[in-house]
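Asks: Quick one: the structure is below, questions incoming.
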Amino acid sequence: MAGALLALVDMKRQEKAVDGISRSTLLLVAGMMTYIAMLEKAGIIEKLSEHAADLCAPLVVALVLCFTVAITSAFASSTAILTAIIPLAVPCCSPATSARPD
């Protein structure tokens with residue numbers, strides 16, 4: 137929204153700003169968002185987060201996710217990995233998940 141407003145306010149530099157956007161990054165993020173949306177629609181993200189929350193404390197789950205992102209980002213795009221991990225991390229580390237009765 138803010139980007140659109142700035143583009144409308146300063147029309148002279150709009151073309152220059154659009155040229156500065158990396159097309160490969162846009163395609164990567166759009167592809168990962170599509171992939172994650174499909175996983176969420178299939179219920180896979182919910183099942184994985186439930187299993188992770190049942191295994192141990194949310195802090196341990198968060199540390200394992202951070203470690204996974206750190207190792208994986210050495211070999212793949214950090215943007216893509218974060219796009220994939222965040223939907224899994226939010227339910228695992230939420231207070232509602234950690235306060236579930238057994």
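Numbering (the numbering used here), first residue to last: 137 to 238. Where is the CB? At the ideal position from N, CA and C, for every residue including glycine. Fair warning: this is a prediction, and the values are worked out from it, not measured in the lab.
(1) Can you tell me where the alpha helix (DSSP H) with Ala166 in it begins and where it stops?
(2) Please report the straight-line C-alpha distance between Leu163 and Ala189, rounded to a whole angstrom.
(3) What is the rounded straight-line gap between the Cα of Ala193 and the Cα of Ala173?
(4) Are there three or more Cβ pairs, one per stretch, closer than 8 angstroms when the segment 151-170 is compared with the segment 210-217?
(5) To the nearest angstrom, how far is the alpha carbon of Thr219 from that of Ser158?
Replies: Let me lay it out:
(1) Arg159 to Ala178
(2) 32 angstroms
(3) 26 angstroms
(4) yes
(5) 17 angstroms
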